[in-house]
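Chemist:
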Ligand code: COA
């Protein structure tokens with residue numbers, strides 16, 4: 001396999017973009033990535049998306065986006081892995097370029113959720129769960145995560161307020177990210193006052209719906225014209241794993257086996273361990289998912305994830321910085337785009353472009369994107385020269 005570098009990145013703000021279509025959002029991110037890479041064409045475009053067929057009445061996103069950005073004859077495909085679609089698209093592009101099949105590719109994640117009523121999108125999101133035994137019984141994703149969080153609190157003795165620092169850190173970091181959905185800081189009082197959505201998950205434990213797109217352009221390092229002085233971000237590890245689609249089929253519903261496996265495989269490829277990761281963009285769709293991700297990826301012992309948050313270790317200056325650009329909680333979670341936002345944000349950190357929330361001296365970063373309630377997970381590790 002060839003060594004691959006991320007040559008360009010681009011993203012839109014996550015927001016309610018009622019004035020922009022799906023292709024306009026994706027196009028903005030792709031063209032920004034191409035501009036950043038100083039390239040005017042690529043061999044292929046891989047589009048990560050979950051729900052365009054139902055929410056936007058548009059399928060066939062490979063040709064749709066390639067046509068819109070002026071790459072009419074490039075290869076174009078849509079990749080779907082629920083909320084993990086973004087990183088799955090990046091991994092598909094990576095496999096094509098690393099194998100030598102292609103010499104350049106753009107991966108873009110795009111989702112447009114806010115044109116439809118919230119209840120319709122909630123039902124659509126639930127199609128990523130088991131239709132017969134979960135969604136069919138009325139369980140939404142918030143409800144599924146509430147069941148996991150309730151069980152976690154019972155097993156390990158945590159109180160609801162122990163999860164507040166996850167949301168407070170995410171909102172504090174989102175303030176400084178112009179592409180984040182929310183720019184308001186949050187404190188303990190604001191967390192405690194937040195309306196309950198599905199007990200014990202309140203509004204501040206949940207990621208918001210939103211519209212947005214993020215993209216990265218990749219090329220093999222061997223073909224690269226290296227500009228002196230420009231930090232070169234390389235892909236050091238990439239792995240994906242699945243788990244049962246329904247939570248009740250898991251031997252341990254409080255352990256993200258696919259997160260453990262994808263992280264372990266990516267660490268082995270990169271020749272690093274969790275102790276070497278300077279920044280970790282994890283999938284904090286709900287605060288309980290942040291705790292479980294920290295544990296499964298090897299940063300905390302089983303049941304102990306909230307300690308890192310309570311001790312301030314998840315802040316940009318802490319031992320395991322997470323959600324450094326706001327995370328899913330404050331940057332937002334346009335589901336099929338999220339994995340690409342995480343990758344763009346890790347690249348920004350390794351380039352040293354994160355201003356107030358820059359992780360000092362960041363050299364190795366990991367992004368881990370979760371589809372479903374832990375049933376399809378993709379991990380990437382990046383390094384900088
Ligand atoms: N955090 C903070 N504020 C939020 C928010 C969130 N997660 N979600 C919505 N808001 C804000 C909105 O900005 C809006 O503020 P405004 O009145 O100042 O404009 C207000 O709350 C009401 O927004 P609305 O869209 O009507 O909220 P809602 O009650 O319909 O939806 C949730 C709230 C939590 C139910 C919804 O965001 C949700 O379902 N999130 C989870 C999505 C999900 O499951 N994703 C997949 C995960 S795997």
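Residue numbers (our numbering): 1 to 385. Note that the Cβ used here is the ideal one computed from N, Cα and C, for glycine as well. As the structure is a prediction and not an experimental result, all values here were calculated from the model.
Could you check whether the Cβ of residue 174 sits closer than 8 Å to any heavy atom belonging to ligand 1?
Modeler: Every heavy atom of ligand 1 is 8 Å or more from the Cβ of residue 174, so no.
Chemist: Which residues bound the beta strand (DSSP E) around residue 234?
Modeler: Per DSSP, residue 234 belongs to the beta strand (DSSP E) from 233-242.
Chemist: Could you give the residue range of the beta strand (DSSP E) that holds residue 11?
Modeler: Start and end: 4-11.
Chemist: In chain order, what residues of the same chain lie with their CB nearer than 7 Å to the CB of residue 300, ignoring the 5 residues before and after it?
Modeler: Contacts found: 294, 307 and 308.
Chemist: Measure the beta-carbon distance from residue 319 to residue 231 and round it to whole angstroms, keeping in mind my assumption that it falls under 8 Å.
Modeler: Their Cβ separation, rounded to whole angstroms, is 23 Å, which puts residue 319 and residue 231 out of contact at 8 Å.
Chemist: Within 10 Å of its beta-carbon, does residue 28 have 16 or more other beta-carbons around it, so buried, or fewer, so exposed?
Modeler: Looking at its Cβ environment, which holds 16 or more other Cβ atoms inside 10 Å, residue 28 is buried.
Chemist: Any chance the segment 193-207 sits against the segment 232-246, with 3 or more Cβ pairs inside 8 Å?
Modeler: No contact exists between the segment 193-207 and the segment 232-246.
Chemist: Are the Cβ atoms of residue 364 and residue 381 separated by less than 9 Å?
Modeler: Cβ distance < 9 Å, so residue 364 and residue 381 count as in contact.
Chemist: Find out if the Cβ-Cβ distance for the pair residue 329, residue 211 is shorter than 9 Å.
Modeler: Cβ distance not < 9 Å, so residue 329 and residue 211 don't count as in contact.
Chemist: Once you ignore the five residues that flank residue 188 on each side, which residues in its own chain have a CB closer than 6 Å to its CB?
Modeler: 164.
Chemist: Would you kindly report the start and end of the unbroken alpha helix (DSSP H) that includes residue 165?
Modeler: Run containing residue 165: 164-174, per the alpha helix (DSSP H) assignment.
Chemist: Determine whether the beta carbon atoms of residue 48 and residue 110 lie at a separation below 9 Å.
Modeler: Yes, Cβ-Cβ distance for residue 48 and residue 110 is below 9 Å.
Chemist: What is the C-beta distance between residue 133 and residue 248, in whole angstroms, given that I count them as a contact (C-beta under 8 Å)?
Modeler: Confirmed, Cβ separation roughly 7 Å.
Chemist: Buried or exposed: residue 192, going by 16 or more other Cβ atoms within 10 Å of its Cβ?
Modeler: It is exposed - the Cβ of residue 192 has fewer than 16 other Cβ atoms within 10 Å.
Chemist: On the criterion of 16 or more Cβ atoms from any shown chain inside 10 Å, does residue 1 qualify as buried, or is it exposed?
Modeler: Answer is exposed; the Cβ neighbour count stays below 16.
Chemist: Are there three or more Cβ pairs, one per stretch, closer than 8 Å when the segment 367-374 is compared with the segment 71-90?
Modeler: Result yes; three or more Cβ-Cβ pairs closer than 8 Å.
Chemist: If you check the beta carbons only, do residue 116 and residue 170 fall under 9 Å apart?
Modeler: Contact flag unset, no.
Chemist: Please check the pair residue 377 and residue 258, which I expect to be a contact at CB under 8 Å, by giving their CB distance rounded to whole angstroms.
Modeler: With a Cβ gap of about 4 Å, residue 377 and residue 258 count as contacting.
Chemist: Would the segment 126-141 count as touching the segment 274-284 if we require 3 or more Cβ pairs under 8 Å?
Modeler: Because the criterion of three Cβ pairs below 8 Å is not met, the segment 126-141 and the segment 274-284 do not touch.
Chemist: Residues in the same chain with beta-carbon distance under 8 Å from residue 414, minus the five sequence neighbours each way, listed in chain order, please.
Modeler: Any question about residue 414 goes unanswered here, given that the chain covers just 1 to 385.
Chemist: Quick one: give me the first and last residue of the alpha helix (DSSP H) that residue 62 is part of.
Modeler: Element bounds for residue 62: 61-68.
Chemist: In the DSSP assignment, what are the bridge partners of residue 46?
Modeler: Partner(s): 77 and 107.
Chemist: Can you grab the Cα-Cα spacing for the pair residue 359 / residue 217, in whole Å?
Modeler: Those two C-alpha atoms are separated by around 23 Å.
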